[in-house]
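The listed protein sequences derive, respectively, from chains A and B.
Mapping of the first sequence onto the UniProt record's numbering: position 2 corresponds to residue 2, and the numbering continues sequentially without gaps.
Mapping of the second sequence onto the UniProt record's numbering: position 358 corresponds to residue 358, and the numbering continues sequentially without gaps.
Just so it is clear, CB atoms sit at the ideal spot from N, CA and C, and this is done for glycine as well.
Report on the following structure.
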Amino acid sequence: MKKMDPAKAEAYFKYRTTMILIYLTIGFLASYVIVFFARDLSSITVMGIPFHYYMGSQGAVLTFIILLFLNAVMSDKIDKKFGFDPEFVDTNNRTEDH
Amino acid sequence: MDGQFIVSLILIIATFSLYIGIAVFNRARATSDFYVAGRGVPPVFNGMAIGADWMSAASFIGMAGTVMALGYDGLAYIMGWTGGYLLLTFLLAPQLRKYGRYTVPEFIGDRYRSNTARIIAAIATIIISFTYSVGQLSGSGVVIGRLLEVNTTTGTLIGVVLIAFYSAMGGMKGITWTQVAQYLVLIVAYLIPVIFMSLQLTQNPAPWLSYGQIIEELQILDKQLGITEYIVPFTGATKWQFLALMFTLMAGTAGLPHVIVRFYTVATMKAARWSGAWALLFIGLLYLSAPAYAAFSRFILMTEVAGSSLSNLPAWTQPWINTGELSLADSNSDGILQWTEIMISNDIVVMATPEIANLGIFVVGLMAAGAMAAALSTAGGLMIAISAALSHDIYFRSINPNASEKKRLAVGRWSIILATVCAGLLALNPPGAITQIVAWAFALASGSFFPALFLGVWWKRANGPGVVAGMIVGLTVTLSYIFASKYGGFTILGIIDTGAGVFGASAAIITNIIVSLATKPPTQETQDEVTDLRYPEQVQYKNGEVWLKE
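Spelled out as structure tokens, the structure:
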């Protein structure tokens, strides 16, 4: 075990939290905000489907999937950038399987 | 006994033998390295297992029918049930993985240093999983009822026996590969009919791209009939109900004990993030297809079934009328069946459409096997959550800490059988459609677990009295709202029973914050544990210092 610079650890936490807030905001826009303005958006169509219906049935779900993969890729990169090994397993602190 | 019955039965038995075979094979192989077996599972397969655990009879049998019946308003289920994975994977799963416990009540009890909190959480797990399994059992009743051409009640009784037996065997516990197989069976079963229908109706094999043109035609048909249009938003309920339901389903997803447990079994926070991403991709395959399924079914019913003469109804109608889930009444006695005279239960749309579209006995049989896979895999997960709460969190940790392994297993088994039978009795006369019953389970989860876990992970000042008060208030508010709205007609902004979670969750969060601030802060050790969850597995936070493990 070696000691880390607390400022670096703090920077890591801030960075990660900011990313998560950005992802959640995008997810929120794709679902709640579009639903809120559903009536106003129905004049636009995507593939023959009115926009509000398209977002509800496909657009929002696709956005969620992309956000989750983006988060998985970016989190690994951030971990490495800060010098952490994302594959690290602490052998002293493992939960046994059921 | 007709050809359809034999084919369906053979497919169900074949898939069942496959699951049991995989379980037996894995059990034999894994005895030597029992503790590492789960870690050998790559996130892709863990994602499939989460998908099978997650996608229940409500997703498989109920959802497309709900979207068909409600039109745009039904899409709250699609967005809510998928969006929950954002909350789960971003805010909870990696942190819970790092904290490392067996069950959700155990995390709550240890993080908040409160036995009372653990017992309340265990009771909440039992209530939520119980409500959820009522939906599963009434789903298996629909499938078995159709298969054996008996009414849905008899079908449910047979389902109860089957599921109690399957879960109590306990062989499925923790065996990821069985669920991977169940995922594959259910997704293939779901996609084949929707692809065939897409080919039949639009000559395009990709339903996701082609159903736009069916939606356009539905809009025209609706206008001709002068009925409420399919795609018009907020026809059956208010906008606030839509938003509240969506929130309830999202927060509930992030707080369902049997799903969270799956994230405990991976090795790292990285694996938790990737498992969440793969899980949503696999779940998305079904959820993206459900609205297409709904549009195709409605189109076929409107163009091919409506307008036919009552004396000459297609052969597929009779078995469904026998189950009591379909009624065709010639209310204006003109001998012709109109669209408005077809009363089709939400819960049979998915099962009936392949027959209506004449896709052949093999596809219809495959649907039955897929639906049973969905109901069984989820019911199995739920029953394990119930038995773990009873035998581990309540019996072992509070009543009899000296209980032997054998005794605890026996308590677990009996609790599974008892819970299945009780849930089955309720499912005989289900208090709502499958998706609706399941939505109540989500409302309860979002009123109890989501606030407790969210504050537990992100706010180190939250303490034992806070979480105890929060969970009690959250559950009380959610339950009272469900009953007041369902049986008393009480609503706020038009939000009905299925959207109750929004009130439960807010009440629980506010209560937890107020009570925590009014009482003593948690010990420094507890606060350090929570701060530690900010960092990856390799980092440890202790006494204000950050250490890097090597």
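At least 8 Å separates the CB of I399(B) from every CB of chain A. For Y230(B), the three-state secondary structure derived from DSSP is coil. The beta carbon of T526(B) lies closer than 7 Å to those of R113 in the same chain, with the five residues before and after it left out.
Between V411(B) and L390(B), the CB-CB gap stays under 8 Å.
Between L376(B) and I163(B), the beta carbon gap of about 7 Å places them in contact (Cβ cut-off 8 Å).
Contact note: I49(A) reaches chain B through G212 and I215, using a C-beta cutoff of 7 Å and chain order. Within chain A, K3, M4, D5, P6, K8, A9 and E10 have C-beta atoms less than 9 Å from the C-beta of V546(B), given in sequence order. In the DSSP assignment, Y487(B) falls within the alpha helix (DSSP H) that extends over G464 to G488. Distance from the CA atom of D53(B) to the CA atom of G381(B), rounded to whole angstroms, is 6 Å. Secondary structure note for S327(B): its beta strand (DSSP E) is the uninterrupted segment L326 to L328.
At a cut-off of 8 Å between beta-carbon atoms, Y15(A) makes no contact with chain B.
Scanning I10(B), L88(B) and G255(B) for the CA closest to the CA of I108(B) turns up G255(B).
Around the Cβ of S289(B), a 10 Å sphere holds 16 or more other Cβ atoms; the residue is buried. At a cut-off of 8 Å between beta-carbon atoms, P536(B) makes contact with chain A. Taken in chain order, the unbroken stretches of alpha helix (DSSP H) that lie wholly in the stretch 169-218 of chain B and span 4 residues or more are 176-202. Around the beta-carbon of V24(B), fewer than 16 other beta-carbon atoms lie within 10 Å, marking it exposed. Given a length threshold of 4 residues, each whole run of the alpha helix (DSSP H) inside the stretch 268-353 of chain B is given here in chain order: 269-300 and 317-323.
Put simply, the stretch 359-374 of chain B touches the stretch 9-25 of chain B. At least three CB pairs are less than 8 Å apart. Close partners of I22(A) in chain B (Cβ separation under 9 Å) are lacking, with about 10 Å as the shortest Cβ gap. At least one CB of chain B lies nearer than 8 Å to the CB of V35(A).
With a cut-off of 8 Å on Cβ pairs, the stretch 457-472 of chain B is not in contact with the stretch 197-209 of chain B, counting fewer than three such pairs. By the beta-carbon neighbour count (other beta carbons within 10 angstroms, threshold 16), D5(A) is exposed. Sequence-distant Cβ neighbours of P86(A) in its own chain, meaning closer than 6 Å and more than five residues away, are D76 and D79. Counting C-beta pairs closer than 8 Å gives fewer than three between the stretch 216-230 of chain B and the stretch 83-91 of chain B, which falls short of the contact rule. Take the alpha-carbon of A244(B) and the one of T253(B): they are about 14 Å apart.
Taking 8 Å as the CB threshold, A254(B) stays off the interface with chain A.
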